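Quick notes on the structure that follows.
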Ligand code: FES
């Protein structure tokens, strides 16, 4: 017998506002059943889904992307470890790319990022006359373009 929790209990445990939980439900990210009094009851396993939504949003993954990944999970039963593994495989490349971008940001903030400001001494070396702009807008060296060696 699965344990059913109220929207308040889910909100308290996940730290997500009840309004956000209703929004997630309206987007089909989570589902609930209704009591005779039309009150929502969530399966305890929804806590994991909501926690992953929150963690993914915290690192900048859009709700649409999250919805796409959660759509891989089975409906009508609690997802197993294998189900989650399948979903995480789908996200692995996306998260690796994000990790690389964050690492680049952490590592490269002291050096020319190819943004066009030409404000650092290293810009003269790595981005003379804003050479990086030929590849498009934005901080090209943070976006994956290689600095000239
Ligand atoms: S840091 Fe902006 S162009 Fe070098």
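Residue numbers (the numbering used here): 18 to 166.
Heads up, the beta-carbon is just placed ideally off N, CA and C, and yes, glycines get one too.
Keep in mind the model is a prediction, meaning the values are calculated, not measured.
For residue 59: DSSP bridge partner residues: 22
Any chain B beta carbon closer than 8 Å to residue 68: Given the protein chain composition of this structure (a single chain), no chain B is represented.
Residue 71 beta carbon less than 8 Å from that of residue 24: no
When 40, 39, 88 and 76 are compared against residue 117, the one with the closest alpha-carbon: Considering only alpha carbons, the answer is 76.
Nearest-angstrom Cα separation, counted from residue 42 out to residue 48: 6 Å
Spatial neighbours of residue 64 in its chain, beta-carbon cut-off 7 Å, leaving aside the 5 residues before and after: 27, 30 and 31
Residue 137 CB to nearest heavy atom of ligand 1 below 7 Å: yes
Exposure label - residue 120; buried when at least 16 CB within 10 Å: exposed
Nearest-angstrom Cβ-Cβ length linking residue 107 and residue 89, presumed shorter than 8 Å: 6 Å
Alpha carbon of residue 162 to alpha carbon of residue 113, nearest angstrom: 17 Å
Cutoff 8 Å; reference residue 51; Cβ partners in own chain excluding five residues on either side: 57 and 58
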